[in-house]
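Below: the structure, in structure tokens.
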Amino acid sequence: MKAMGRARMMVHLICGVLAVFGVSVVVADDPYRFYTWTVTYGTIAPLGVPQQVILINGQFPGPKLEVVTNDNIVLDLINKLDQPFLLTWNGIKQRKNSWQDGVLGTNCPVPPNGNYTYNFQTKDQIGSFTYFPSTSFHKAAGGFGAINIYERPRIPIPFPDPDGDFTLLIGDWYRTSHKTLQKFLDSGRSLPFPDGVLINGQGHSTFSGDQGKTYMFRISNVGLSTSLNFRIQAHTMKLVEVEGSHTIQNEYDSVDVHVGQSVAVLVTLNQAPKDYYIVASTRFTKTVLTATATLHYTNSRTPVSRPLPVGPTYQIHWSMKQARTFRWNLTASAARPNPQGSFHYGKITPSRTIKLANSAALINGKRRFAVNGVTYINADTPLKLADYFNISGVFSLNSIQSIPSESTASIATSVMPASLHEFIEIVFQNNERTVQSWHLDGYDFWVVGNGFGQWTPASRKKYNLVDTLTRHTAQVYPNSWTTILVSLDNQGMWNLRSANWERQYLGQQFYLRVWNPVQSLANEYNAPSNVQLCGKAVRHHP
Numbered sequence: 001m002k003a004m005g006r007a008r009m010m011v012h013l014i015c016g017v018l019a020v021f022g023v024s025v026v027v028a029d030d031p032y033r034f035y036t037w038t039v040t041y042g043t044i045a046p047l048g049v050p051q052q053v054i055l056i057n058g059q060f061p062g063p064k065l066e067v068v069t070n071d072n073i074v075l076d077l078i079n080k081l082d083q084p085f086l087l088t089w090n091g092i093k094q095r096k097n098s099w100q101d102g103v104l105g106t107n108c109p110v111p112p113n114g115n116y117t118y119n120f121q122t123k124d125q126i127g128s129f130t131y132f133p134s135t136s137f138h139k140a141a142g143g144f145g146a147i148n149i150y151e152r153p154r155i156p157i158p159f160p161d162p163d164g165d166f167t168l169l170i171g172d173w174y175r176t177s178h179k180t181l182q183k184f185l186d187s188g189r190s191l192p193f194p195d196g197v198l199i200n201g202q203g204h205s206t207f208s209g210d211q212g213k214t215y216m217f218r219i220s221n222v223g224l225s226t227s228l229n230f231r232i233q234a235h236t237m238k239l240v241e242v243e244g245s246h247t248i249q250n251e252y253d254s255v256d257v258h259v260g261q262s263v264a265v266l267v268t269l270n271q272a273p274k275d276y277y278i279v280a281s282t283r284f285t286k287t288v289l290t291a292t293a294t295l296h297y298t299n300s301r302t303p304v305s306r307p308l309p310v311g312p313t314y315q316i317h318w319s320m321k322q323a324r325t326f327r328w329n330l331t332a333s334a335a336r337p338n339p340q341g342s343f344h345y346g347k348i349t350p351s352r353t354i355k356l357a358n359s360a361a362l363i364n365g366k367r368r369f370a371v372n373g374v375t376y377i378n379a380d381t382p383l384k385l386a387d388y389f390n391i392s393g394v395f396s397l398n399s400i401q402s403i404p405s406e407s408t409a410s411i412a413t414s415v416m417p418a419s420l421h422e423f424i425e426i427v428f429q430n431n432e433r434t435v436q437s438w439h440l441d442g443y444d445f446w447v448v449g450n451g452f453g454q455w456t457p458a459s460r461k462k463y464n465l466v467d468t469l470t471r472h473t474a475q476v477y478p479n480s481w482t483t484i485l486v487s488l489d490n491q492g493m494w495n496l497r498s499a500n501w502e503r504q505y506l507g508q509q510f511y512l513r514v515w516n517p518v519q520s521l522a523n524e525y526n527a528p529s530n531v532q533l534c535g536k537a538v539r540h541h542p
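full-length UniProt numbering puts the first residue of the sequence shown at 1, with every later residue one more than the last.
In structure tokens form, the structure reads like this:
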């Protein structure tokens, strides 16, 4: 047994050395965590009907990544599906390292029976994040999971350590297979209304705690399209973190979590010893879908009982008002050694304004979605590889404009140029009747304002330039606007997309090329030694 232990230690030591020399992202002083994940199909019945889902190491949802700030992640992904596959790391900044982003604009997909080793660092982050498949329509089959990043011992957090930590992945779900749903979209049809809502991939889960103790609930919306409201019967929730930002600790009876977003709340079990309902229900839908779980007091002898706690349904103004109460805790430390409020974003004048308008379009008789009149299609060569190897004919920097277009929608592999260290204002203008949810890979950003109707320069008077949150996914309400400020300090090719997966799949996305002509490892890492090649990059590799 001792010999086996020494052998394991030698394997990990060798892997660590190889990782250091093979990938420039790693930092020698920070711990390594090694994972092997095998992606397969499996049959389960999350809504009572057997269906094919995507499992990771036999699990649905996939394994939790529980790591510590600045850990180096070395994760070997083995694809046993019958289709190419990638995972993307939702909210992980990938500092100077868009090579590991896990989307088709930066990575070649892992072929069936192939594997790829991701190497990245959870650099200067604390909080609740997720991962999920970015290829085809795989997200509708599962393959998603939680990423919980904990603080290092010397970094204080603005609340006592909770007595327990629960992760809840909530999201809408279909009984129809992901391949059939993808055929709907490819044929020009829209997705039907979801069949239900899941909490941790199940119809019902139980979370147990001791009376009088306080527990953290990390809640992430991993669904395809539907905003959800989260609440716990007879209990209030103290908001403490949103996508890596510590917040002013307001208490709520219920919290809206839009597609792609994550929040963390503290809940004290201060009620009579019985069992209570946990509820996630759809927002802004005519038919309200509801999923329940159980909060079980360990000294309880009384099962859950109805009525379920009532939550909001279609009240848009209610949701907008709540979103404005999510504020940054400027006195709290973050993963960085400096206080979160040390960067005075509101005192910086943006270098330019980018205005993005989403729209539905018909192209060749089929339904598509566009940004500023351009509906995105993937190239056969990842944009990152084309940029790195100077491969022409893959994308054009003139393919999408920074203001909405009134012309007929067109198809392109759209890339918008930006300069490293720009500080920009992005306005999301939503003239449609559905809630939008926008995500930017590689970054967090300040959500400074939102409002009904059309954005104008006068709308800036309503901005919060003092203590708004940084986050990676922002909602835009129907016939409304949302503005974010972004410091473009992370060079690379970064995906800006709808978190509504039907809209993303049908073109509501593009790539932001954050660039500095002076090539330096201080700005961006070189291609990793295990970079996969596909498309035109195969013959251009030196």
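Where is the CB? At the ideal position from N, CA and C, for every residue including glycine. The structure displayed is predicted, hence computed values, not measured ones.
Checklist entry - Would a C-beta distance cut-off of 7 Å place residue 268 and residue 214 closer than the cut-off? => result yes
Checklist entry - Does the Cβ of residue 264 have 16 or more other Cβ atoms within 10 Å, making it buried, or fewer, making it exposed? => result buried
Checklist entry - What number of angstroms, rounded off, separates the C-alpha of residue 118 from the C-alpha of residue 35? => result 10 Å
Checklist entry - In whole angstroms, what is the alpha-carbon distance linking residue 361 and residue 348? => result 37 Å
Checklist entry - Does the distance from the C-beta atom of residue 76 to that of residue 112 stay below 7 Å? => result no
Next on the checklist: For a quick check, are the C-beta atoms of residue 276 and residue 233 less than 7 Å apart?
Outcome noted: yes
Checklist entry - From the DSSP output, which residues share a beta bridge with residue 169? => result 220
Checklist entry - Name the DSSP beta bridge partners of residue 241, please? => result 246, 264
Checklist entry - Can you tell me whether DSSP reads residue 42 as helix, strand or coil? => result strand
Item to check | Option nearest residue 329 by Cα separation, candidates 248, 279, 505 | outcome: 248
Checklist entry - Since residue 255 contacts residue 284 with CB under 8 Å, what's their CB separation in whole angstroms? => result So it is not a contact: roughly 15 Å between Cβ atoms.
Checklist entry - What separation, rounded to the nearest whole angstrom, lies between the Cα atoms of residue 498 and residue 472? => result 12 Å
Checklist entry - residue 429 bridges to which residues according to DSSP? => result 357, 481
Item to check | Where residue 53 falls: helix, strand or coil (DSSP) | outcome: strand
Checklist entry - residue 418: which of 486, 250, 412, 406 sits nearest, CA to CA? => result 486
Checklist entry - What separation, rounded to the nearest whole angstrom, lies between the Cα atoms of residue 556 and residue 296? => result The question about residue 556 has no answer here: the residues shown for the chain are numbered 1 through 542.
Item to check | Separation of residue 288 from residue 121, as counted between CA atoms | outcome: 40 Å
Item to check | Three-state secondary structure assigned by DSSP to residue 523 | outcome: coil
Next on the checklist: Helix, strand or coil, according to DSSP, for residue 460 in the structure here?
Outcome noted: helix
Checklist entry - Helix or strand or just coil, what does DSSP make of residue 346? => result helix
Next on the checklist: Can you look up residue 184 in the DSSP assignment and give me helix, strand or coil?
Outcome noted: helix
Next on the checklist: Spatial neighbours of residue 195 within its chain, please: C-beta separation below 7 Å, excluding the five flanking residues on both sides.
Outcome noted: 47, 173, 174, 175
Item to check | Sequence-distant residues of the same chain with beta carbon closer than 8 Å to residue 312, five excluded per side | outcome: 229, 254, 256, 283, 318, 319
Item to check | Length-filtered (4 minimum) alpha helix (DSSP H) runs lying within the stretch 265-329 | outcome: 316-324
Checklist entry - Where does residue 524 land, buried or exposed, given buried means 16+ other C-beta within 10 angstroms? => result buried
Next on the checklist: Please tell me whether residue 246 and residue 158 are closer than 7 Å, where the distance is taken between their beta carbons.
Outcome noted: yes
Checklist entry - If you draw a straight line from the C-alpha of residue 377 to the C-alpha of residue 410, how long is it? => result 10 Å
Checklist entry - Tell me which same chain residues have a C-beta within less than 8 Å of the C-beta of residue 508, skipping the five on either side of it? => result 358, 369, 370, 371, 375, 376, 497, 498, 500
Next on the checklist: Here's the rule: buried if 16 or more other CB atoms are within 10 angstroms of the residue's CB, otherwise exposed. What is residue 595?
Outcome noted: What is shown of the chain runs 1 to 542, which leaves residue 595 out entirely.
Checklist entry - residue 100 by DSSP, collapsed to three states: which one? => result helix
Next on the checklist: For residue 425, count the other beta carbons within 10 Å of its own beta carbon; 16 or more makes it buried, fewer makes it exposed. Which is it?
Outcome noted: buried
Checklist entry - Would you say the stretch 213-227 touches the stretch 162-173, given that touching needs at least three Cβ pairs under 8 Å? => result yes
Checklist entry - In terms of residues, what are the limits of the alpha helix (DSSP H) holding residue 501? => result 501-505
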